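Counting the sequence shown from 1 gives a position; the working numbering is that position plus 1.
Beta carbons: idealized from backbone N, C-alpha and C, even for Gly.
Nothing here was measured: the structure is a model prediction, and the numbers come from that model.
In what follows, a single structure is set out as structure tokens and then discussed.
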Amino acid sequence: ERAKLVTEAYEIYADCTPVLRRAHAFAYILDNMEPNMQEGELLVGSQTKRVRGVPVFPEFGAKWVIDEIDMFPTRGTDPIVVTPETKAEILPILESWGDNTFDMQSTAVLDPYVLKAQECGVLSVGARTTGMGHISPDYPRILPMGLRGVINQAKEMIEKTPVLTPEDMRKVDFWNANIISCEAVIRFAHKFSDHAAKLAEAETDAQRKKELLKIADVCSNVPENEPRDFWEALQFVWFLQLTIQIEDNGHSIAVGRLDQNLYKYYKKSVVDGDMPAEDAEELLAALYIKCTEILKLRDAFDSLGFAAYPMWQQMAIGGLGRDGKDATNELTYSVFKAWDLVQTVQPTMALRVNDNTPDELMDVALAMVQKGYAIPAFYNDNLVGNLLKNKGATEEDSRDWTVHGCVEPYVMGKSDG
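Right, here's the structure in full:
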């Protein structure tokens, strides 16, 4: 589905500047993807029509997919099912790209010496068949304003910027791309709202009908606006996590400081509201399950080097707040309890440890390691804070870090590994 849609979009928007073409293509994909929901799920939205389906990104690379497509189902690591019908439909799409793909274009400008070194196994040349990812969305900024707030900020910047130079034009194109992309994600969410409402009309089970009506209400509000409760906050995070992957095909898209970013909404719903803590934990577990749906197409070398379908969707738990005090809260413990319910491999979890980390939290974390779960990873808050200050972070930002990639600490919204 995605390969077909992005190919159509690149033809329709061929005359646009690269950043606008990319934004229009992203919007075209979201607008034309069919909404699908699984039986009983509470958070909605998927990369493909199938559970754990793998989208194809021909703009990054097409020839290697053609060369390896018959090996996908039979390779020794991370096999991927390709039906005869899928193969027959996708090969003409891939072939239509020719050499106009990122991997072919970038390889063409590499020095022959570098290519020879790569061939000999001396070095590798980063990601050419995929996006790099390695970003942490700025949830502390985005959650309170919603994507509508991001759109309004971009419009204000455009109004304040007279286009007098090529640099001015690039800025305006970027802000317009912001608007196009955010509007597309909002429409994508509304599509799920409408879909859930229609399913609710036909649903005979009273409990599921109630859930579907709630999902319809949730998706009518987020991520366009600030979440009104904890359920909406988690759906907001999932929509961003999902759509970033649909656009970029990157890996290491960080979930971020989940217990800090969403505590305001957890407190409203659970601590001060009438949502039982067990229901909040079920919603958290639903987010973890959705994260395991995210997959990407890797070539034979990468599937061997990075076996087990990893996506490195990291989240950081606990640690210091921007005020320098330990920020452990009730949601921190719920994050652990929810993971124990499902024991998924995604998202991976990093526990930030400092001098004032509660003994109770350390006991919970160490008990998980003793069970053989291999999570959480433990990070030295004091050490990493100094590391980030040495890289130029402010005192407050140096306390507000998360992890993405393998072990890289970055400040949310200010990360580009």
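Nearest to Ile81 by C-alpha distance, out of Met350, Ala368 and Lys297, is Lys297. If the five residues before and after Arg400 are omitted, its C-beta is found closer than 7 Å to the C-beta atoms of Leu321, Gly322, Arg323, Gly325 and Gly386, all from its own chain and listed in chain order. With respect to Pro377, Met350 sits close: the two C-beta atoms are nearer than 9 Å. Under the DSSP assignment, Phe103 falls in the alpha helix (DSSP H) whose first and last residues are Phe103 to Ala109. In this structure, the CA atom of Leu342 is about 43 Å from the CA atom of Asn177. With a beta-carbon spacing of about 7 Å, Gln48 and Leu243 fall inside the 8 Å limit used to define contacts. Secondary structure note for Ile70: it is in no alpha helix (DSSP H), with a DSSP letter that is neither H nor E. At the C-beta level, Arg129 and Phe61 come within 9 Å of one another. For the pair Val256 and Cys292, the CB atoms are nearer than the 9 Å cut-off.
Beyond the five residues adjoining it in sequence on each side, Phe103 comes within less than 6 Å, by CB distance, of Phe61 in the same chain, given in chain order. Boundaries of the beta strand (DSSP E) around Ile318: Gln315 to Gly319. Under a 10 Å Cβ-count criterion, Cys121 is classified as exposed, with fewer than 16 other Cβ atoms of the shown protein chains found around its own Cβ. Comparing alpha-carbon positions, the option among Ala309, Pro85 and Gly319 lying closest to Asn355 turns out to be Gly319. Inclusion of Tyr140 and Arg258 in the CB contact set at 9 Å is warranted, their separation being smaller than that value. Bridge partners of Tyr380 according to DSSP: Arg353. Residues of the same chain with a CB within less than 6 Å of the CB of Pro410, apart from the 5 flanking positions on each side, are Val385, Trp402 and Val404 in chain order.
Under the three-pair Cβ rule at 8 Å, the stretch 259 to 273 counts as touching the stretch 221 to 237.
Considered as a whole, the stretch 212 to 254 harbours 231 to 249 as its complete alpha helix (DSSP H) runs of no fewer than 4 residues, in chain order.
Membership of Val186 in the alpha helix (DSSP H) is indicated by the continuous run Pro167 to Ala203. In the three-state reduction of the DSSP assignment, Asp112 falls in the coil class. The beta carbon of Glu2 lies closer than 7 Å to those of Met34, Thr49 and Lys50 in the same chain, with the five residues before and after it left out. Here Asp398 has Val412 as same chain residues with Cβ atoms under 6 Å from its own Cβ, once five neighbours each way along the sequence are excluded. Under DSSP, Thr403 forms a beta bridge with Tyr411. Counting along the chain, Tyr267 sits inside the alpha helix (DSSP H) bounded by residues Tyr264 to Tyr267. Under the three-state reduction of DSSP, Gly122 is assigned to coil, being neither helix nor strand. For Lys338, the enclosing alpha helix (DSSP H) has its first and last residue at Glu331 to Val343.
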